[in-house]
Each structure stands twice: as C-alpha cells, then as structure tokens.
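K.L.:
First, the structure itself, so that you have it in front of you.
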C-alpha cells in the first residue's frame, strides 16, 4: 500500500488509503478525523480554510417580516399596556414570553403598528426576525441591515451599530423569536450583545421568546405576568374561531355547545384555535370534534403547506422540546409524561409528586427546567399543569408506562382513603384531584373491582355524571361476584340518576333490582324484603320529584309497611318524612306536621342527624305556610346547624333558601337576595338543578315585588326553562303564575289570563291546593282590572274560601282586600269598609306587615273617591277618623 503524502494541510501516521478520495460537498474545517483500520489507528487534523457564513441581506429580513394579523382577540389590553409604557418613558424593556403558539409575535406586531408608536419613533422602529439569526454575529449583521447602516472598511458591524445607537434619537428594536440565538451555541456572546444594546438610554427593546425569563441582566417588564402571555379566555377564543372560519361552508354560532367543547380542548392557544378553525370552513363542528377525539394534535396543521412552527402545533412544541431534551433526566421525563397524563395536573406538587414517582434528588430541579420552558406551568394551589394541546402531544411521544399507572393508582387509593368523614370538608380536599381520580379509576376498572372507592362519591353529587359510567364498568365485575354487591351498585346508580333528573333511566334500574331479588332464596327472605321495600321507597322518591304525589304516596306507604315488618326504623323514618313533605305540598298541614315530627323523633332515636335535620327543615316549611316566620326561622336555623355538622351541602343550601324566602315575605329584600344567591351558588356547585331553579324563581319574585318587571321576566323565564328541563311541573306552574302576575301588573291582561289559567290547571293536576287558590285570586284581580266585576267577585270569594280551608290568613286577607277594592269601585262603600276592616284583622293575625300598609292605602283611595263624589263632610271626617284608627292599629 502506497503511503499518503503528509502535506502541511494534512497530517497522519503510517501507511493508509486516502479515505477522502472522491469526497466532495462536505465541510471538515478544523476537524479531527480518526480512522481505525484493521492494522493501524490513524488520526487526521484538517486545516482547510473556513468558509464564510452566508451574509444576512435586507431582503432576507424583509421576507421574514410579517404584518399584524387581522384576527386579534383578547389581547388589546396588552397592546395598550405596552404602548403606554413606551410612550411614557424614554427607555423601556418589554419581554413578551410564553410557550410556542401562544401569540407572542401577533402581540408585538400590533404594538409596532399602533399609531402612537409610529408617531413617537418616526421610522426608527425596527423588527428583527431572530429565527434566521442564530448567533451574536448574525444578530449584529441583522440589526445593521434592518437599520440600513453602511459598514466602512476597517470597521466592524458591531462598532457601527453601537456608534449609531449611541448617537441616534429614540428608537425601538423588536427582537422577535429571540429564543433562537439565545439557545444557540454561544449564549455568552448573545448575552453580551443584548446587554450592550440595552445600555443606550435612547433605545427601547422588545423581545419575544419562548420561556418565562427574558435574556441577560436586564430588568424586563413581562407582558401578561410572570408566566408570560396567558391563554385566551373562552369568549375571545370563540370570537377568533368564528372569524377564522367565517368564509367557510358552515355557519357557526358562538353559543354552539360543540364549539365550546372543542375550544376547551384547544385551551386558549391561539395557534391551535387558528389551525382547527381552518378545518371548520369545510367540515361540521361535530365531525371536527370526533376527529379531534381520535387524531388529537395530528389534526392541528395547515393542509397544503409545509410543516413549520406557524403551520403545525406539533412542530411548534418540538422546537421547545429540542431545547430542553438534553437537560431532562429520567426523572424529568417521568414528570413530563405524568403531568400530560393527569387531567387535573399535579395539585400541591411539592408534597404529591414525591409520593407518586418516589423521592429523587433532582425532582425539584427538573420541575423548574420544565416550568422555565413553558411546557408546564404552575397554577393556583401549587398545581403543575399543561395546556391541553401540549399535553396531548407529550402523551403521544412519552407514553405512560404500566409502572407509572400503578404508582398513580396507589397514590389515589391512599388519597381517597384519607378523605375527611365530613363530606363538605372532603369536598375541599377532593375538588383539585377529582379528574385524576376518575381517570385512574377508569383504568383500574378494566382490571379489577373497586366498589369502596365508588361508594365514596355518594355524598359528592356534582360528580354524579362522571361516576355513573364508572359504575356501569363496575357492574360488569359485580355480575361475576356477589348478588348483594351487584344490587347495591345498581341502587347507587339509581340514586345518582334520580338526583340528575333522569327518572326513566332510574326506574329502569329499580326494575333490574326487582328482577334480581326474585333470585334470592328462602334463606335470604329478610334481605329480599329489605330490597323490595327499598325499591318501593326509591320509586316513591322518583314519583315525588316528578310531582306525581298520589303515586308517590302509594309507593311510600307500601315501603313503610314492609320496613315496619322487618324492624327497619331508618326506612320507616325515611318514608314518614317524605309522606310529610307531600302532605305539606298538598296543603294537608296537620298531617304533614304529625308525620314530620314522628320522623324526626325516629331519626333522633337512631342517631341519624341528617334525617332529623331534613325533618326539621320540613317543619319549617309548614310554619312558613302558616306565616309563623319566627317559629319557622328557629326550625331552619337549627336544621342548618345539623346539616353543617353532617357536612350536607345541599341541606345547608335548602335552609338558606327558605330563610331567604322568609325575608322576601317580610319585604327585607336585600337580606333575602343575599341568602338566595348564596343558596343558588351552593346548589349549582353541588349539581342540584331543582334547588338552583327554585332560588332563581324566588329572585325573580323579588324583582317583581320591587317593580323591576323586565328583570323579573328574564329570571322567571330562565327558571321556568330549568324546571321544564328536569320535568318539575310544580316549578313550571309557579313560574307561570308569577309571569302571569307580572303581565297583570304591567296591564297585559289577556296574556296574564292565559298564564294564570295554565298555572292553575297544573297546580290542580299535582294536588297543590294552595297554588291553585293563589292563581284563582290573581285571576279574580285580573278580571277586576278589566272591569269584569261579577266574575272577579266570584273568583275571589272562591279563592278566599280555599285559603280559609287551608289556614292561610294572608291569602284570605288579600282576597278580602281585593273584594273591598271592587266594592269601592262599584260605590258600595259600606261593604268596602267591612271588607277592608276584615282584611286588616286577618293581616294583624299574621307576621307580615306589608299587606297591612297595602290595605290602608287601598282604603284611603276608596275614601278619596267617596269624598270626590260629593259625599257629606261628616262622612268624610268619620272615615278619616276610622282610617287613622286602622293605621295606628286601634
């Protein structure tokens, strides 16, 4: 073998073949090449002249300079904030930070094009696209080219740039995507570069870059907060989506529920919203939602264009991953996949994370690296989270391992076991973790049975819609195991369906239990009776919530008898309480009071505080109906305390609701509104639609009483729709009644008549005598306003008799008051005087004051009318005297 010549440009040892023969188009400048052959070890040191990097031209910069986007929502306040800062000071340093695709460049372009900025900097505002400037040398060239400076011989570009900045008027340098050179090969030089250009007092600088920290030692104003630009809120996200897709084949409305679901998945990332919206031009939203559920981030790219950071969400995320991959340890990778996997993120991460993955010395440092990169962020309550599109892509490339799944399950099994026994206290602990629990439980139910954890959600009604599908999974295991276990799971599912107003589905579950109980043997007779009684009790509840009171009573009586036969005191007390509630709703107050008192005694006897509290609350309802508000308030306050001790949020809300209604009846509207709004909020947080609708109806009633008729109509219609959704006929009737009263007060008598007849018929159908009497009273008043006096008198007399039978003094007094009005209108002044005096006496027997004032005002109007008709002054004086007596209560 012929030895290779070792020229000055190439050195080597030994005999060897020319390994570079025929090679071309590659760069080996200042490289060391090692060739290990079979017989020898050769090293080459290359000293070929370096090729110069391609110079950046002005055209290169112009071609990378975008214009401000037309679709720009939810960020105007940030633009205004920046413009104000730049205009009020001579030197400002603004860092626009955040994850890729969050809209940093869009914000800076709108700042740059703002009229006040163009006026202040008068052509000295320079946009530098740093993604094509990978180091300090290129950054310098780019700035020189952008400003249009000439570099004379014997002077470098940096010196020319610094001389210009030293002597120029106020200028604004915008360094877009500065993370490209910052994360390049020589960060030290880039740091020195940014420190130098920020040292000139007439130069303001804006940088946009990925991450949470601005470059160098400069004190940056971080636009949008310490974590950088926040995601778009749902409103601006909808607006942006509809703008992007407005020229498509499908009309999209911002209130479309599918659009909201889709945008929740985009998690406020402007790039993701833009990319999904462009598909909406040609595809229906439902199809897009289904595609997202399957394809995830693969869907988020522009069709027909090359994939880059502006056209593909995956490329954008990869750019960030590329920067930090070398910094991530095995621990960091585990943290990344864990946060991506868990929908709630990792709450209280300093405590929770080591319990899940184990204790490692680099855990906290790896979290900081991920936070600095903006792949994850720390939300309130020390929760480590990840924006949904980022999470979906991370899950795709860092798949969760079975070992990690098992660690997550072990953590949450322990977590659920340590929850407080008080449901209200447990709710505070649970709410941050609940989505994680569901996901972990869903995976585990594929492998084994987990009844105990499912039962723990019995008191957490706001999660029932998520738990029901998990119970269905559990039932597949229960079929293979114990029959009692299976029945108890079906009962749990039925309870949740009933609570959510899915009554037909709930009845279907009861039928399943009834079929299963037939399979129990003679030796299980006691259990069989227990299950049969429970089926009847549960059916009674289902009929009760649908206002089918007769069917409900029938079922509850059968259940009560069976519970008595097997000595189940708790079951007997439950049935008595519900029968008492029905009697109250049907205005059978004496029986209602008797049954509720007996139920309360039984609950107290067996130490069942929650049942006793429900009974007290029911007794409070009866005292409200009799206008005995002090006694009612006493009962309700006591019941509320018991519910609070038991941790029953809905029970507490029910007491607040009734206390609010007492204040409403006593014209203390400010107090009433506060309590009703608090109760409504608690009902909504617990997922209790009936209670929330009732509070909304009461708030509408307050607006009506305060002559705020437009607001009253809006609230009452909303409440009526909510009652219709849950098939609660009583609530629908009450709203129709109040809407009818509102129309009557506003002079819309025909519409009022229709609504009141509708409400009256509904009350009669469900056996609510009090509601029917109130409608009859309103219809009588409506006829009076139409001068149909005989018809009005007949209705009011009928309503008065019904109120008297029901023991409602206020209702009877109001009818007397209206009859007195009619007598006055007909000139029957002596009869009017008698009626109004009787009304006064009735009102004085109640705890309500406003009706007395109303009666006084009505009588005064009648007296004025009498005087104006030319009656004798003696009659006038006498009536004035009587009027004073009425007013002072003599």
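Residue numbers (the working numbering): -13 to 876. In this text, a Cβ means the ideal position worked out from N, Cα and C, and glycines have one as well.
1) So who's on the other strand from residue 195, going by DSSP bridges?
2) Just checking my contact of residue 475 with residue 437 at CB under 8 angstroms: how many whole Å lie between their CB atoms?
3) How about residue 759 and residue 803: are their beta carbons less than 8 angstroms apart?
4) What does DSSP give as the partner residue(s) for residue 313 in the beta ladder?
5) Only counting the same chain, and skipping five residues up and downstream in sequence, which positions put a Cβ closer than 8 angstroms to that of residue 572?
6) When DSSP labels each residue in this structure, what does residue 55 get in the three-state scheme?
7) Give me the Cβ distance between residue 72 and residue 114, rounded to the nearest whole Å; I'm assuming they're in contact under 8 angstroms.
8) Taking the alpha carbon of residue 569 as the point to measure from, which residue in 604, 553 and 550 has its own alpha carbon closest?
9) Please work out which residues of its chain come closer than 8 angstroms, Cβ to Cβ, to residue 92, disregarding the five sequence neighbours upstream and downstream, and give them in chain order.
10) Where residue 709 and residue 489 are concerned, what is the direct C-alpha to C-alpha distance, given to the nearest angstrom?
11) Leaving out five residues on either side along the sequence, give the residues of the same chain with a beta carbon under 7 angstroms from the beta carbon of residue 630.
12) Could you compute how far the alpha carbon of residue 707 sits from the alpha carbon of residue 578?
13) What residues in its chain sit with their C-beta under 6 angstroms from that of residue 78, if we drop five residues either side in the sequence?
14) From 670, 632 and 617, pick the residue whose C-alpha is nearest to that of residue 648; which is it?
15) So, at 7 angstroms on beta carbons, what are the nonlocal neighbours of residue 340 in its own chain, with the 5 sequence-adjacent residues on each side left out?
16) Inspect the beta-carbon positions of residue 493 and residue 457 and report whether they are closer than 8 angstroms.
17) Taking the CB atoms as reference points, tell me whether residue 116 and residue 161 lie closer together than 8 angstroms.
18) Report the CB separation of residue 562 from residue 546 in whole angstroms; it is logged as a contact under 8 angstroms.
19) Which runs of the alpha helix (DSSP H), 4 residues or longer, sit entirely within the stretch 539 to 599?
20) Once you ignore the five residues that flank residue 725 on each side, which residues in its own chain have a CB closer than 6 angstroms to its CB?
21) Write down every uninterrupted run of the alpha helix (DSSP H) in the stretch 636 to 724 whose length is 4 residues or greater and which is fully enclosed by it, in chain order.
22) Could you check whether the stretch 312 to 325 touches the stretch 415 to 422, counting it as contact only if at least three pairs of C-beta atoms, one from each stretch, sit closer than 8 angstroms?
23) Which of the three DSSP states, helix, strand or coil, is assigned to residue 232?
24) Grab me the residues of residue 659's own chain with a C-beta within less than 8 angstroms of its C-beta, minus the 5 sequence neighbours each way, in chain order.
25) Suppose contacts are defined by Cβ-Cβ distances below 8 angstroms. Is residue 196 in contact with residue 85 by that definition?
26) Are the CB atoms of residue 523 and residue 557 within a distance shorter than 8 angstroms?
27) Among 249, 464, 50 and 95, which one has its Cα closest to the Cα of residue 66?
28) Using a Cβ distance threshold of 8 angstroms, determine whether the stretch 230 to 249 contacts the stretch 117 to 124, with at least three qualifying pairs required.
29) Return the first residue and the last residue of the alpha helix (DSSP H) that residue 120 is part of.
30) Residue ranges of each alpha helix (DSSP H) run of no fewer than 4 residues wholly in the stretch 461 to 522, ordered along the chain?
31) Among residues of its own chain, excluding the 5 on either side of residue 455, which ones have a beta-carbon nearer than 6 angstroms to its beta-carbon?
32) When you compare the CB positions of residue 402 and residue 423, do they come within less than 8 angstroms of one another, or not?
33) Output the boundary residues of the beta strand (DSSP E) element that contains residue 365.
34) For residue 518, which residues in the same chain have their Cβ closer than 7 angstroms to its Cβ, ignoring the five residues on either side in sequence?
35) Assuming residue 425 contacts residue 328 (C-beta within less than 8 angstroms), just tell me the rounded distance between them.
36) Have a look at 355, 652 and 667 and flag the residue whose alpha-carbon is nearest the alpha-carbon of residue 313.
P.N.:
In short:
1) 83
2) 7 angstroms
3) no
4) Per DSSP, none; premise fails for residue 313.
5) 535, 753, 754 and 755
6) coil
7) Incorrect: roughly 17 angstroms between the Cβ atoms, too far for contact.
8) 604
9) 54, 55, 58, 61 and 256
10) 14 angstroms
11) 638
12) 30 angstroms
13) 71, 72 and 190
14) 617
15) 349
16) no
17) yes
18) 7 angstroms
19) 555 to 571 and 575 to 591
20) 702 and 741
21) 655 to 672, 675 to 691 and 695 to 711
22) no
23) coil
24) 646, 685 and 688
25) yes
26) yes
27) 95
28) no
29) Taken as a continuous stretch (DSSP letters only), residue 120 belongs to no alpha helix (DSSP H), as it is neither H nor E.
30) 469 to 485 and 489 to 503
31) none
32) yes
33) 363 to 365
34) 503 and 548
35) 7 angstroms
36) 355
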